[in-house]
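Counting from 1 along the first sequence, just add 290 to a position and that's the residue number in our numbering.
Quick notes on the structure that follows.
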Amino acid sequence: MQRQVRTRYAPSPTGYMHVGNLRTALYEYLIAKSQGGKFILRIEDTDQERYVEGAVDVIYKTLKLCGLRHDEGPDIGGPYGPYVQSERKNLYKPYAEELVKNGHAYYCFCSKERLDALRAEAEAKNQTFMYDRHCLNLSQAEIEEKLKSGVPYVIRQKMPREGTTSFEDAVYGTITIENNMLEDQILIKSDGLPTYNFANVIDDHLMNITHVVRGSEYLTSTPKYNLLYKAFGWEIPVYVHLPLIVKPDGSKISKRKGDATFEDLLKMGYLVEAIVNFIALLGWSPDSNQEIFTLAELEKAFNIKHISKSPSSFDMDKLTWFNAQHIRTMSPEKFHELALPYLKEAITNEDIDLSKVSRILQNRTEVLTEIPSKVGFLNELCDYDLNIYVHKKMKTTLENSLTSLKEALPVLEAIDEWNETTIHDSLMSLIERLGIKNGQMLWPIRTAITGWEVTPGGAIEIADILGKAETLRRIKVGIERLEKAVSA
RNA sequence: GGCCCCAUGGUCAAGAGGUUAAGACACGGCCCUUUCAAGGCCGUAACGGGGGUUCGAGUCCCCCUGGGGUCACCA
Numbered sequence: 291m292q293r294q295v296r297t298r299y300a301p302s303p304t305g306y307m308h309v310g311n312l313r314t315a316l317y318e319y320l321i322a323k324s325q326g327g328k329f330i331l332r333i334e335d336t337d338q339e340r341y342v343e344g345a346v347d348v349i350y351k352t353l354k355l356c357g358l359r360h361d362e363g364p365d366i367g368g369p370y371g372p373y374v375q376s377e378r379k380n381l382y383k384p385y386a387e388e389l390v391k392n393g394h395a396y397y398c399f400c401s402k403e404r405l406d407a408l409r410a411e412a413e414a415k416n417q418t419f420m421y422d423r424h425c426l427n428l429s430q431a432e433i434e435e436k437l438k439s440g441v442p443y444v445i446r447q448k449m450p451r452e453g454t455t456s457f458e459d460a461v462y463g464t465i466t467i468e469n470n471m472l473e474d475q476i477l478i479k480s481d482g483l484p485t486y487n488f489a490n491v492i493d494d495h496l497m498n499i500t501h502v503v504r505g506s507e508y509l510t511s512t513p514k515y516n517l518l519y520k521a522f523g524w525e526i527p528v529y530v531h532l533p534l535i536v537k538p539d540g541s542k543i544s545k546r547k548g549d550a551t552f553e554d555l556l557k558m559g560y561l562v563e564a565i566v567n568f569i570a571l572l573g574w575s576p577d578s579n580q581e582i583f584t585l586a587e588l589e590k591a592f593n594i595k596h597i598s599k600s601p602s603s604f605d606m607d608k609l610t611w612f613n614a615q616h617i618r619t620m621s622p623e624k625f626h627e628l629a630l631p632y633l634k635e636a637i638t639n640e641d642i643d644l645s646k647v648s649r650i651l652q653n654r655t656e657v658l659t660e661i662p663s664k665v666g667f668l669n670e671l672c673d674y675d676l677n678i679y680v681h682k683k684m685k686t687t688l689e690n691s692l693t694s695l696k697e698a699l700p701v702l703e704a705i706d707e708w709n710e711t712t713i714h715d716s717l718m719s720l721i722e723r724l725g726i727k728n729g730q731m732l733w734p735i736r737t738a739i740t741g742w743e744v745t746p747g748g749a750i751e752i753a754d755i756l757g758k759a760e761t762l763r764r765i766k767v768g769i770e771r772l773e774k775a776v777s778a
């Protein structure tokens, strides 16, 4: 019988979420959900020096926002709790002691000072430092005496010195490492807490994790974990190591270098759905050519087989494209809801129907934050350069622009019920009557009522949004200014 | 530096010995068109190098080069 798939996202609470971490969470979630399994959240906070206030909330918030609902976790509990390592602290040491008993681990009383000195010495000789097993050969009596007199100690894993250790990775295949490269790593720190290296093995086993999914930076330390599983006689999980996400220049993404975190991207106007969609495809590809995915679709389409091995770079242009795609496919109502805060910030003119503005904006918005810069002309008509009336392709000049505006004015004035249809019909019949190109009428009007060379929406849409009075007023301003310029 | 991993256009990537080497982003052009978008069509652009294996190699092997990761009482 196949065991139910269980994956775990095990972040350490650092206070922010960078995109690599988020993608790891996403893949863990997808691996579980694509196989009807469970997705578990576990907080790895064994490093007390790194404690950050509120950091766990960032994790909850992000997962929730992205729709990555965990089935078990600190906040919702579950049959394998507690799900915070610091709350499990008393549970690890007995396992380490068991290892000491059966010869796979040993007490080490070496001081930090001694270790630092050794390290410095090795460095001076340009050698890689590795613990010298100074405490491995302590007699039983010595050990007991030191323990009794309270000398601080750690427990180290005893590595084999010869041979190699191999493991199977679901994406990288067989990885083999020489055992003499493995240091006798610390399992239990002198503060009594386990290291990540130890705790993750114990917890993954105790929590019945079937697929260990994490970044490829853990690839070389995985043999150490396997040796631990073997020492305990435990079943080894399926390993799924993920390629890194790097910056365009190939270097690693890091908060310290100011690279955008998930939170930053949201502030920059990117949608959660677009971010999730984009990072899902950074390192994984579906069977089809489909690019736009909802989370639900990803849950169906995801498979480990198509996870790639090489690192991929985070391309903002493509993220922007995904964002634009998601914006275009959402309902006008939904877009309006998202655009509203930005519109309220940018549009002070209370006569403007903001939902109409949203409508002309939806296909012209790639990132929400660019909205304010597109709608300023709705507030007031600013002074503009008359040369924008002259447009080669529209075949407009100052003279014929003036004519068009003068012709349009009474026609527009005559409209009783002011809406896109009536404006459109009136203007079109005028154009027909005058026998001119659409552009020769519509370009000058748009120019006159916006004062901008480029605007979202055309003359008719904008006239409707502005309302009859304001439209006529602005056209009159245009006529006045053009008359002055032409007669001069 | 030792060890591990990776290598298809600028970027994301398909490709599991025989293909005109997909598709997407970006870029360029054209069409549509009342500006700008959106949309449609077309185009520029890739198997890092060298050896093998094979009738045949982007696909398999080796070397080189390049990139990344890792070598903590961090995770």
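Note that beta-carbon positions come from the ideal geometry of N, C-alpha and C, so glycine has one too.
None of these values were measured; they are calculated from a predicted model.
- Residue nearest to residue 379 within the set 465, 479, 426 and 417 is 479 (criterion: CA-CA distance).
- Out of 315, 430 and 419, the CA that lies nearest to the CA of residue 298 is found in 315.
- Every alpha helix (DSSP H) stretch that sits fully inside the region 323-383 and reaches 4 residues is listed by chain position as 345-356.
- With respect to the 8 Å criterion, residue 472 and residue 497 are not classified as neighbours on the basis of their beta carbons.
- For residue 532, the enclosing beta strand (DSSP E) stretches over residues 528-532.
- Nearest in C-alpha terms to residue 727, of all of 699, 703, 694 and 336, is 694.
- Counting the other CB atoms within 10 Å of its CB gives residue 713 a total of 16 or more, which places it among the buried residues.
- Boundaries around residue 502 are those of the beta strand (DSSP E), 501-505, since no alpha helix (DSSP H) includes it.
- Taking a contact as a CB-CB distance under 8 Å, the pair residue 444 and residue 467 does not count as one, their CB atoms being some 23 Å apart.
- In the three-state scheme derived from DSSP, where H, G and I count as helix and E and B as strand, residue 574 is classed as strand.
- Scanning its chain for C-beta atoms nearer than 6 Å, with the 5 sequence neighbours on each side dropped, one finds around residue 361 the residues 328 and 329, in chain order.
- Contact between residue 426 and residue 396 holds, since their C-beta atoms are separated by about 6 Å, short of 8 Å.
- In this structure, residue 489 and residue 382 form a Cβ contact; the two beta carbons are roughly 6 Å apart against a cut-off of 8 Å.
- Scanning the region 699-729 for uninterrupted alpha helix (DSSP H) segments of 4 residues or longer gives 710-724, listed from N- to C-terminal end.
- In terms of Cα proximity to residue 768, the closest of 617, 505 and 692 is 692.
- Out of 675, 367, 682 and 724, the CA that lies nearest to the CA of residue 697 is found in 724.
- Three or more beta-carbon pairs separated by less than 8 Å link the region 558-572 to the region 652-661, which places the two stretches in contact.
- Burial is judged here by how many other beta carbons sit within 10 angstroms of a residue's own beta carbon; residue 394 has at least 16 and is buried.
- Secondary structure note for residue 633: its alpha helix (DSSP H) is the uninterrupted segment 622-636.
- Under the three-state reduction of DSSP output, residue 434 falls in the helix class.
- Three or more Cβ pairs closer than 8 Å define a contact, and the region 561-581 falls short of that threshold against the region 631-651.
- Per DSSP, the unbroken alpha helix (DSSP H) holding residue 410 starts and ends at 402-414.
- Here residue 296 carries a strand assignment [DSSP, helix/strand/coil].
- At a cut-off of 3 residues, the continuous stretches assigned as beta strand (DSSP E) that sit fully inside the region 450-517 are 454-459, 463-468, 476-478 and 501-505.
- By the Cβ test, the region 528-548 is in contact with the region 499-510, since at least three Cβ pairs between them sit closer than 8 Å.
- Just so you know, the alpha carbons of residue 549 and residue 567 end up roughly 20 Å apart.
- Beta-bridge annotation (DSSP): residue 397 is paired with 445.
- In terms of Cα proximity to residue 524, the closest of 539, 514 and 495 is 495.
- Contact check for residue 678 against residue 737 passes: the beta carbons are separated by less than 8 Å.
- Nearest neighbour of residue 591 by Cα position, chosen from 302, 307, 296 and 326, turns out to be 326.
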